[in-house]
Structures are given as structure tokens and as C-alpha cells.
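Student: My questions will all concern the structure given below.
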Amino acid sequence: MGVDPSRVNAVVDEITAAGGEAVAAIGDVSEMDVAEGLVRMALERWDKLDIVVCAHGILRERMIFNMTEEEWDSSVKSHLKGCFAPAKFASIHWRERRDGGRLIFFTSGAGQRGEAGQPNYSAAQQGKVGLMLSCAQALSRYGVTANCIAPAASTRMTDRGRSVDREGPAPSLSAAGTKMDPKNVVPAIVYLASDEGASVTGRVVGTTGHEFTIWREPFRDQSIFSQAPFWDIDDLFEQMPRTLAVHDLKPPEPAFP
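Those letters in the sequence shown? Residues 996 to 1252, by the numbering used here.
Spelled out as C-alpha cells, the structure:
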């Protein structure tokens, strides 16, 4: 599915030429009626829906103080709502069928570590992780797994990135055979979508070149407690420098230094 018919049809032709079966769907998957129609089309064509992979998105890069409302809204809509909408309608089918399913969202290191020039993108990517975790919890009783893949690869979307030499060739054109080749991501998709992947759910799988990683999600690191029924502000100011804030609490290194 996509909004550019020429690109969508090119992918269909590539799949068909390789011996597979594919149908073109034109539209914006973040629109609820489009997502519902996409699920309906799959059911009418194949009488089942086993796997949903949301591997789409846009970049609208800007520092927070320069970002427009449209740049924020368009990115969050594409990335986050574009996962919610198909997941909602697929989950309705899976809940009724009660015979399993696979839900896979593409996220990014920007959602885990942040990226200064991508506040919209970073927020949407972390939002995908939260959505995935909720889906994993809600759908496990129906045999459905939900996971995220955080890929590092050169694509048309990343060609827009701030590190790209605008005068030179797009990095995606020379990615084949390198660690940034999108084909390196494919095995992770296949595994998570397979019967063997049934034991993996609620996780973020990182793919960088020939390296696959299970990411550790944010967890409770350290705690301090008040002996009183509620925290006294002066007491908190006294305790923090020698406990939780004994080391400078700074953000992690950016996802794309």
C-alpha cells in the first residue's frame, strides 16, 4: 500500500516476478476508512489475514523551536496513526477468528534515544513501542504476537536525512551489499512472522547490518522512599543529590550521532 501508484505497482511487479502474489492498494493507511478497506481487501482476496507489517513513514526534520504544527501532525499521523489504524481492524478479525496472527511495527532508535532534529519522529517512534506493548498484552489471549523492528538501513525516507549530501547521489542507491542494505532487515521480519517466532512478543528487535539485537526497554532503575505519608519537598531536595542524582542525569547519546 502507498499513495504513489507508480511505486506501489512497481513493488507488486517485483513480488510477482519473484513468484509471489500481491495486490496493489492505493491510499493513506493512516486514514481509518483506508485501513479498514485494506484489511477487508486481504480477507476478500485470501479469506484470511495472518500477518500485518507496518513499515512506512515520512521525515519532516526540524529542531523543536523551528517545527511547525503541520510538520508535527503529519509525522505523528503517518507513523503512529498509520500503525494504529491497520492494527485496529486486523485485531478485530484476529479476535473473532481466535487463531493467531502477527503484528509488526517498524520503529527507530530515535524513539529510544531521541534525535535533536527529529522531535516529531522521535515521539512517534516511541509511541509505536507503547502501542506495540499494549497490543501484545491485549492480543496474546488470541494467539497474536506484536513486536517492533528498529532497522538501520538506507531507504528513500532516510535519503531525506540531515546527514545526506544534497549534491551527491542518494545513499539508498549504493546501499546494496552493504550493512545499510534494507535486505538485511528481511530475516527479522520473516522470523517474527513465522510459527517459530510465536514465543517472541512485546519486544523491540534491532537490525543493523548483520547484527540482530533484542532491545531492553526502559525500566525502573533506582528508587527512594519517604517515611512520611507524602514527600516533603525539603526532604526530597536533601536526598536527591546523594541518591538518585548522585551522578548527572543526562539524556542518552543521540540515536544518530
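Glycine is no exception: its CB is placed at the ideal position from the N, C-alpha and C atoms.
Everything numeric in this text was worked out from a predicted model, so none of it was measured.
#1: In angstroms, rounded to a whole number, what distance separates the CA positions of serine 1037 and alanine 1020?
#2: Here's a check: name, in chain order, each residue in its chain whose Cβ is nearer than 6 Å to the Cβ of isoleucine 1059, leaving out the five neighbours to either side.
#3: Would you say the stretch 998–1008 touches the stretch 1028–1035, given that touching needs at least three Cβ pairs under 8 Å?
#4: Just to confirm my understanding: we take tryptophan 1210, look at its own chain, exclude 5 residues before and 5 after, and list those with CB closer than 6 Å. What are they?
#5: Count the other CB atoms within 10 Å of the CB of threonine 1208; is the residue buried (16 or more) or exposed (fewer)?
#6: Residue ranges of each beta strand (DSSP E) run of no fewer than 3 residues wholly in the stretch 1112–1147, ordered along the chain?
#7: Is it buried or exposed for arginine 1157, if we count other Cβ within 10 angstroms and need 16 for buried?
#8: In the DSSP assignment, find the unbroken alpha helix (DSSP H) run with glutamate 1191 in it and report its ends.
#9: Identify whether isoleucine 1059 lies in helix, strand or coil by the three-state DSSP scheme.
#10: Classify asparagine 1179 as buried or exposed, calling it buried when 16 or more other Cβ atoms lie within 10 Å of its own Cβ.
#11: Thinking phenylalanine 1100 and lysine 1123 are a contact (beta carbons under 8 Å), I'd like their distance in whole angstroms, please.
#12: For leucine 1039, name the three-state secondary structure that DSSP assigns.
#13: For phenylalanine 1220, which of helix, strand or coil comes out of DSSP?
#14: Starting from glutamate 1110, trace the alpha helix (DSSP H) in both directions and tell me its first and last residue.
Tutor: In terms of the structure at hand:
#1: Per the sequence shown, residue 1037 should be read as alanine rather than serine. Their Cα atoms are separated by approximately 10 Å.
#2: Once the five neighbours on either side are set aside, the close Cβ partners of isoleucine 1059 are Pro1114.
#3: no
#4: Excluding positions up to five away in sequence, the list reads Val1199, Gly1201.
#5: That one is exposed.
#6: 1139–1147
#7: The pLDDT assigned to arginine 1157 is 46, lower than 50, so where the model puts this residue is not dependable, and the model offers no usable value.
#8: From DSSP, glutamate 1191 is part of no alpha helix (DSSP H); its letter is neither H nor E.
#9: coil
#10: buried
#11: 5 Å
#12: The residue you asked about is not leucine; residue 1039 is glutamate in the sequence shown. Reduced to three states, the DSSP call for glutamate 1039 is helix.
#13: coil
#14: Premise fails: glutamate 1110 is in no alpha helix (DSSP H) and is neither H nor E.
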